[in-house]
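Taking it in order: structure first as structure tokens, then the write-up.
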């Protein structure tokens, strides 16, 4: 069992958890992910690591409610409660981690974070900052209320550019608009870009950086079951190859990823997930119609 | 009706049309009277071939004699000397090619139903609360076992009986390996059969730590150097699924058998009280003809689909056990033999709408001794379906080899290990089961686990 040391609401339906998981905290690196499971009947949910404290033995994750299982975690788990399972670290650390620090210092690195993707961007920017490298971050959110981890990111980045779709805070527009603006109007030059966020946003950032000639890495949040290479649910096309996001990634060369196929594959369980969420939200009042419970038979 | 001594005592099964709609166990096992009658068919041979036919050398005539005496505890003790998972093996071992395949009775008539008798002993012993006896004398030495499937469990059980302090590390959230995630409930019930057998191993003093991925969470070197283990046994299995590499394989609705079975078995998608989603299919094509293919086919059937097994050779070459094929056919699975997929067809939204296949015929024998299937030119046709499940075999996960310096693997990514001792190229590191041989059977993995335990005992006794 893995106790929750801290729970913080970052925005509507977005929660941060510090979880006591000593083995994971001792080993994990930015870019890697964990799989969490609430209880015996819960789903295995892959989440990219947001932060870690080796001494305290804690790992920070951020969960957004997108279906039945995440709804239950958000509603039912509080400080002092436990995740039944918390396994990791999974996947590979960010490519930046393995690079020569002096070489990295010569590069100007841009991070583009969208929505929940802000959480896994943070440890990478922080890791660089602790080694004397200050990166720029473009952060996108629907509106002011959904801008998460702003102070944390500000404290470890060179420049933080917040964008909101509705203009309620910071730059009005999409992250792609802001990146374009920075490069074309503000004379910014970037040698490397890391994009993490909703897949559709990563696709468009990738198209833009290809045009701008900036090598780009994307962290792929695919469907997964085990996270260790067993199921192949997370497979995606990168160049001419089929890769498993869990063991070959989660980070890949964005310009080689077949985003359209990856976006399509995210739809596989959408209907089932929707039905499950309905079942969870309606709770005691649920009496069929979801197609799962058999209540309408 | 008097028992025909040339034939096995028939075992009760759920009716095909009933069981095709549920996940309850197909075979119901022998009653006491049936078991006694079947046990009476054993010749109690002096030079019993069945013992040699058993990979773990269970003293089969001895336990059958105990059944005849009505002494279940005695029978259970005989089996426990050789096997820690009798209720599992009685159900999933390919007895027809092992113990029963060499039974003298089989020379004229049918062999003694050894598997069903083993199962009877294990199930009855469990219901009576009979437990294997733990060794109270500990020798103070610690062994780490990686993986809690059949290889790991049998290795751990044997070492615990020898007085070792054993910890099993399991990557998934529940112990059991393929017994939990791979083999379905209707062939191997989890709560009634698998979990109690795992509990028996725990009762021998073995610790199991789940959610630990060796090679990521902690490495073998760290286990040996920092966590104080004296030896390591790798029984991590062969978990990586293979795909065909044909067009359309990434379409929505194409799954590995591993994913499909894991969702249903480990994650219990078939039950309302679990949150795991699984695809609701109308017509499913299973590609492959092994036991895993049969498991995936019969699972899809129970989830409400029409199911076709697409296999490129003829029925005689089907690698699945005859009993599984028989059960599958009884339940209404359709076998499209001498047929091979060429391409998976997608609709405009990227979902599977059919599979283009080609007819095959058998040519000259290949390296495996089986007649090689060759394509019949121009015989392509399309099978309409909404789901394709690839069941083409699995290979070992390279994670452990990649993170353990000096651990040699072969070109199939299998760990190199001595067959008799499990010794690998690294001192103090032993391995066995599918991680060494590639995908095989539960009982062969158990045999390798036992060999590993002997190897480790020898190594640590000399140390």
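Chains as they are written, first to last, in our numbering: chain A, 1 to 297; chain B, 1 to 463. Even for Gly, the Cβ is constructed at its ideal location relative to N, Cα and C. Remember, it's a predicted structure, so these values are computed and weren't measured experimentally.
Next item on the list: Verify the CB distance criterion: does residue 107(B) have a CB-CB separation below 8 Å to chain A?
Entry: no
Note to self: Counting C-beta neighbours from all protein chains within 10 Å, is the total for residue 453(B) 16 or more, i.e. buried, or is it exposed?
What the structure shows: buried
Item checked: Close Cβ partners of residue 229(A) (< 8 Å) along its chain, the five nearest in sequence each way excluded -> 244, 246, 247
Check: Where do the N-terminal and C-terminal ends of the alpha helix (DSSP H) with residue 481(B) fall, by residue?
Finding: Only positions 1 to 463 of chain B appear in this structure, which leaves residue 481(B) out of reach.
Checklist line | residue 211(A) - DSSP class collapsed to helix/strand/coil | finding: helix
Next item on the list: Measure how close the beta-carbons of residue 299(B) and residue 274(B) come, nearest whole angstrom, since I'm counting them as under 8 Å.
Entry: About 15 Å separates the two Cβ atoms, so there is no contact after all.
Notebook entry, point to check: By how many angstroms is the C-alpha of residue 399(B) removed from the C-alpha of residue 229(B)?
Noted result: 20 Å
Check: DSSP puts residue 234(A) in a beta bridge; with which residues?
Finding: According to DSSP, which records beta bridges pairwise, residue 234(A) is partnered with nothing at all.
Check: How should residue 458(B) be labelled, buried or exposed, when 16 other C-beta atoms within 10 angstroms of its C-beta is the threshold for buried?
Finding: exposed
Next item on the list: Identify whether residue 10(A) lies in helix, strand or coil by the three-state DSSP scheme.
Entry: strand
Note to self: Do residue 38(B) and residue 28(B) count as a contact pair if the criterion is CB distance below 8 Å?
What the structure shows: no
Checklist line | Partner residues on chain B for residue 316(A), Cβ-Cβ distance less than 8 Å | finding: Any question about residue 316(A) goes unanswered here, given that chain A covers just 1 to 297.
Next item on the list: Output the distance between the C-alpha atoms of residue 319(B) and residue 11(B), rounded to the nearest integer angstrom.
Entry: 24 Å
Next item on the list: Quick one: list the residues of chain B neighbouring residue 69(A), beta-carbon separation under 7 Å, in chain order.
Entry: 275
Next item on the list: Using 7 Å as the cut-off, classify the Cβ of residue 166(A) as near or not near the heavy atoms of the ligand ATP, replying yes or no.
Entry: Of the ligands one can find in the structure shown there are none, so the ligand ATP has no counterpart to examine.
Notebook entry, point to check: Alpha carbon to alpha carbon, what distance is there between residue 115(B) and residue 116(A)?
Noted result: 54 Å
Note to self: Can you check whether the C-beta of residue 235(B) is within less than 8 Å of a C-beta belonging to chain A?
What the structure shows: no
Notebook entry, point to check: Are the C-beta of residue 461(B) and some C-beta of chain A separated by less than 8 Å?
Noted result: no
Next item on the list: Could you work out which residues of chain B lie near residue 31(A), taking near to mean beta carbons separated by less than 8 Å?
Entry: Per Cβ cutoff of 8 Å: no residues; residue 31(A) is ~13 Å from chain B at best.
Next item on the list: Could you have a look at residue 442(B) and say whether DSSP puts it in helix, strand or coil?
Entry: helix
Item checked: Three or more C-beta pairs below 8 Å linking the region 214-234 of chain B and the region 423-437 of chain B -> yes
Checklist line | Local Cβ density within 10 Å of residue 284(B), reported as buried at 16 or more and exposed below that | finding: buried
Check: So what's residue 258(B) in DSSP terms, helix, strand or just coil?
Finding: helix
Note to self: Suppose the cutoff is 7 Å on Cβ atoms and the five residues either side in sequence are ignored; what does the same chain contact list for residue 175(A) look like?
What the structure shows: 112, 114, 138, 140, 163, 201, 205
Next item on the list: Express the C-alpha separation of residue 89(A) and residue 28(A) in angstroms, rounding to a whole number.
Entry: 5 Å
Next item on the list: Express the C-alpha separation of residue 262(A) and residue 297(A) in angstroms, rounding to a whole number.
Entry: Low per-residue confidence applies at residue 297(A): pLDDT is 39, beneath 50, and the placement is therefore not dependable, though the value from the model is reported in the following sentence. The straight-line gap from Cα to Cα measures roughly 35 Å.
Notebook entry, point to check: Just curious, the beta strand (DSSP E) that residue 123(B) is in, first and last residue?
Noted result: Note, residue 123(B): premise wrong, no beta strand (DSSP E); alpha helix (DSSP H) at 114-127.
Check: By how many angstroms is the C-alpha of residue 79(B) removed from the C-alpha of residue 292(A)?
Finding: Unreliable positioning characterises residue 292(A) in this predicted model, as indicated by a pLDDT of 48, which lies under 50. The coordinate reading is nonetheless provided below. Their Cα atoms are separated by approximately 43 Å.
Notebook entry, point to check: Taking Cβ positions, are residue 84(B) and residue 157(B) nearer each other than 8 Å?
Noted result: yes
Item checked: Complete beta strand (DSSP E) runs within the region 359-428 of chain B (minimum length 3 residues, chain order) -> 371-375, 381-384, 387-390
Note to self: Quick check for students: name the residue ranges of the beta strand (DSSP E) that lie wholly in the region 6-59 of chain B, counting only runs of 3 or more.
What the structure shows: 27-29
Note to self: I need the boundaries of the alpha helix (DSSP H) containing residue 297(B), first residue and last residue.
What the structure shows: 291-302
Notebook entry, point to check: Comparing the C-beta of residue 297(A) with each C-beta of chain B, is any distance below 8 Å?
Noted result: Model confidence at residue 297(A) stands at a pLDDT of 39, short of 50, so the residue's coordinates are unreliable and nothing is read from them.
Next item on the list: Alpha carbon to alpha carbon, how far is residue 265(B) from residue 184(B)? Give it in angstroms, no decimals.
Entry: 6 Å
Checklist line | Proximal residues of chain B, C-beta to C-beta of residue 237(A) below 9 Å | finding: 250
Notebook entry, point to check: Counting Cβ pairs, one atom from each stretch, are 3 or more of them under 8 Å apart for the region 131-146 of chain B and the region 38-47 of chain B?
Noted result: no
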